[in-house]
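J.:
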Amino acid sequence: EHEAEPFQLPPGVEVMMADVCCGAHTPSMVKSIQRWRGEDGAAKGLWSRYASQSARLQASLRRLAALHGRYVADGRAAQWLEALARLGGMAPKEWFVEASLDGCELATALNEVRNASLELRTLVRSISTASGVPVEPAAQTRLLDATMQQRGVLMALVPGAGGHDAVLALVLPSAPPPAGLLATRQRVSSLWRGWDDKGADAAAAPVCELPVKESKSVSGGHNGVRIEGAAAAALLRRAAAPLRGETALSGGRQTLVVGLAAVVAVAAVAAAALQLRKR
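For the sequence shown, the numbering used here assigns the number 8 to the initial residue and increments by one for each residue that follows.
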């Protein structure tokens, strides 16, 4: 059993995703992982460590969001993005210095998220090796490591079931306004667009940035499935009328318009407008 909890990334922390034109067959990967968990006596301990580390990463993201809440409560909302941009413009290894010498609470929070994600990836690679399932293949490891070396990148990992077909990153502003987040996005986009893997197992697999964004809270709540009032439902019916006509003309082809909320799955991501955890 699982329970869903609302979650929102704080302002200035955004999602980037890329498609790696290689592909992965998720159902067979999931079946192989399940078989490994059932047959390998050592799987339980490794999986337990993975689950604990996933929970640690989720908790570190919640602490980062809570810290933003304290900035707002203390009347320092305007300073939040300035502090993020200052730290995002540094090499991540400098966050530890900021946290330990200057007592910077934000640097500590960012460092926790980054370190938790790196340790989670280490466990994912251990699971890949033990199970024979390429959850984080070597080619993806090289791409993720290169992404995390860019200034302004908080974390990067393979989303969902893993494999060769996608990467996800959380990014921060790495320059003062107005450049801010755009400076980081351009830097990461340039890396992905020109990615040329030199590994021995490398294949010609273009990396294409996906135009996705995390969802934003609405009306004090969070995005997802919503109950609309009668007036909104009438507007939706009128908007759908042309589609119904198109369906009739195209011999039964149905067109479905779906609004998707893109979020950080923390590996267990994570993704993060709704995060799942075991009871």
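We put the CB at the ideal spot given by N, CA and C, even for glycine.
Between which residues of its own chain and Glu126 is the CB-CB distance below 7 Å, once the five residues before and five after are set aside?
T.: For the purposes of this step, residue 126 is identified with residue 119 of the sequence shown, where counting begins at 1. Gln60.
J.: For Ala73, is the classification buried or exposed, using 16 other Cβ atoms within 10 angstroms of its Cβ as the cut-off for buried?
T.: If you number the sequence shown from 1, residue 73 lands on position 66. Counting Cβ neighbours within 10 Å, Ala73 comes out exposed, since fewer than 16 surround it.
J.: Could you tell me the distance, in whole angstroms, from the CA atom of Lys100 to the CA atom of Glu119?
T.: Sequence index remark: in the sequence shown, residue 100 carries index 93 (1-based). Sequence index remark: in the sequence shown, residue 119 carries index 112 (1-based). Cα to Cα, Lys100 sits roughly 12 Å from Glu119.
J.: Could you pull the start and end residues of the alpha helix (DSSP H) that Asp26 belongs to?
T.: Numbered from its first residue, the sequence shown carries residue 26 at position 19. Counting along the chain, Asp26 falls outside any alpha helix (DSSP H), though it belongs to the beta strand (DSSP E) covering Glu21 to Val27.
J.: Identify, in the order they occur along the chain, each residue of the same chain with its Cβ nearer than 6 Å to the Cβ of Ser135, setting aside the five sequence neighbours on each side.
T.: Within the sequence shown, residue 135 is the residue found at index 128, counting from 1. For Ser135, where only same-chain residues beyond five positions count, the Cβ hits under 6 Å are Pro141, Val142 and Glu143.
J.: Rounded to whole angstroms, what's the CA-CA distance from Glu46 to Leu53? Just pull it up for me.
T.: Stepping through the sequence shown from its first residue, residue 46 is reached at position 39. Stepping through the sequence shown from its first residue, residue 53 is reached at position 46. Cα-Cα distance, rounded: 13 Å.
J.: So what's Met162 in DSSP terms, helix, strand or just coil?
T.: To locate residue 162, count along the sequence shown from 1; it is residue 155. Reduced to three states, the DSSP call for Met162 is strand.
J.: Quick check: the region 145-155 against the region 184-193, are there 3 or more CB pairs under 8 Å?
T.: At 8 Å Cβ cutoff, the stretches do not touch.
J.: List the whole-angstrom C-beta distance separating Ala114 from Ala106, where the pair is believed to meet the contact cut-off of C-beta under 8 Å.
T.: Residue numbering aside, residue 114 sits at position 107 when the sequence shown is read from its first letter. Residue numbering aside, residue 106 sits at position 99 when the sequence shown is read from its first letter. Rounded, the Cβ-Cβ distance is 4 Å, consistent with contact.
J.: Identify the residues that DSSP records as bridge partners of Ala173: which are they?
T.: As a working mapping, residue 173 is identified with position 166 in the sequence shown. Answer is Asp26.
J.: Do the region 74-84 and the region 169-186 make contact, defined as three or more Cβ pairs closer than 8 Å?
T.: Segments in contact, no.
J.: For Pro13, which three-state DSSP category applies?
T.: Along the sequence shown, one-based indexing puts residue 13 at 6. Residue state, collapsed to three classes: strand.
J.: Ends of the beta strand (DSSP E) at Val214?
T.: Looking up residue 214 in the sequence shown gives position 207. Val214 -> beta strand (DSSP E) spans Val214 to Leu217.
J.: Tell me whether Leu94 is buried or exposed, calling it buried when 16 or more other Cβ atoms sit within 10 Å of its Cβ.
T.: Locating residue 94 in the sequence shown gives position 87, counting from the first residue. The residue in question, Leu94, is buried, as its Cβ has 16 or more Cβ neighbours within 10 Å.
J.: Is the beta carbon of Leu130 sitting closer than 7 Å to the one on Arg56?
T.: Sequence index remark: in the sequence shown, residue 130 carries index 123 (1-based). Sequence index remark: in the sequence shown, residue 56 carries index 49 (1-based). It is a contact, given that the beta carbons lie within the stated cut-off.
J.: Could you check if Val160 is buried or exposed, using at least 16 other CB atoms within 10 Å of its CB as the buried criterion?
T.: Along the sequence shown, read from residue 1 onward, the residue named residue 160 stands at position 153. Per the 10 Å Cβ criterion, buried.
J.: Identify the residues that DSSP records as bridge partners of Val131: which are they?
T.: As a first step, residue 131 is located in the sequence shown; it is residue number 124 there, counting from the start. DSSP, once it has assigned bridges, lists no residue as partnering Val131.
J.: Which value, in whole angstroms, describes the spacing of the CA atoms of Met24 and Ala168?
T.: The count along the sequence shown starts at 1 and reaches residue 24 at position 17. The count along the sequence shown starts at 1 and reaches residue 168 at position 161. Rounded to whole angstroms, Met24 to Ala168 spans 15 Å at the Cα level.
J.: Roughly how many whole angstroms lie between the Cα atoms of Gln15 and Arg69?
T.: For the purposes of this step, residue 15 is taken as residue 8 along the sequence shown, with counting starting at 1. For the purposes of this step, residue 69 is taken as residue 62 along the sequence shown, with counting starting at 1. Answer to the nearest angstrom: the Cα atoms are 9 Å apart.
J.: Can you give me the start and stop residues for the alpha helix (DSSP H) that Val34 sits inside?
T.: Numbered from 1 along the sequence shown, position 27 holds the residue referred to as residue 34. Per the sequence shown, residue 34 should be read as Pro rather than Val. First-last of the alpha helix (DSSP H) with Pro34: Thr33 to Glu46.
J.: Among Val79, Phe103 and Leu117, which has the Cα closest to the Cα of Leu64?
T.: As a position in the sequence shown, residue 64 is number 57, starting the count at 1. Among Val79, Phe103 and Leu117, the Cα nearest to that of Leu64 is on Leu117.
J.: Reducing DSSP to helix, strand and coil, say where Val302 ends up.
T.: Residue 302 lies beyond the range of the chain shown here (8 to 286); nothing can be said about it.
J.: Taking Cβ to Cβ, would you say Leu217 is nearer than 7 Å to Glu21?
T.: The residue given as residue 217 occupies position 210 in the sequence shown. The residue given as residue 21 occupies position 14 in the sequence shown. No, these two residues do not count as a Cβ contact at 7 Å.
J.: Can you name, in chain order, every residue of its own chain whose Cβ lies under 8 Å from the Cβ of Gly258, other than the five neighbours on each side?
T.: Sequence index remark: in the sequence shown, residue 258 carries index 251 (1-based). Because the pLDDT of Gly258 is 38, which lies under 50, any placement of that residue in the model is unreliable, and the question is left without a value.
J.: Please name the residue, chosen from Gly19, Leu164, Ala66 and Lys205, that lies closest to Glu12 on a Cα-to-Cα basis.
T.: Walking along the sequence shown from the start, residue 12 turns up at place 5. Comparing Cα-Cα distances from Glu12 to each of Gly19, Leu164, Ala66 and Lys205, the minimum goes to Ala66.
J.: What distance in whole Å lies between the Cβ atoms of Val165 and Ala176, which are believed to be in contact at a cut-off of 8 Å?
T.: In the sequence shown, counting from the first residue as 1, residue 176 sits at position 169. In the sequence shown, counting from the first residue as 1, residue 165 sits at position 158. In fact, because the Cβ distance is near 11 Å, the residues do not count as touching under 8 Å.
J.: Mind checking whether Ala146 and Asp203 have CB atoms under 7 Å apart?
T.: In the sequence shown, residue 146 corresponds to position 139, counting from 1. In the sequence shown, residue 203 corresponds to position 196, counting from 1. Not closer than 7 Å, so no.
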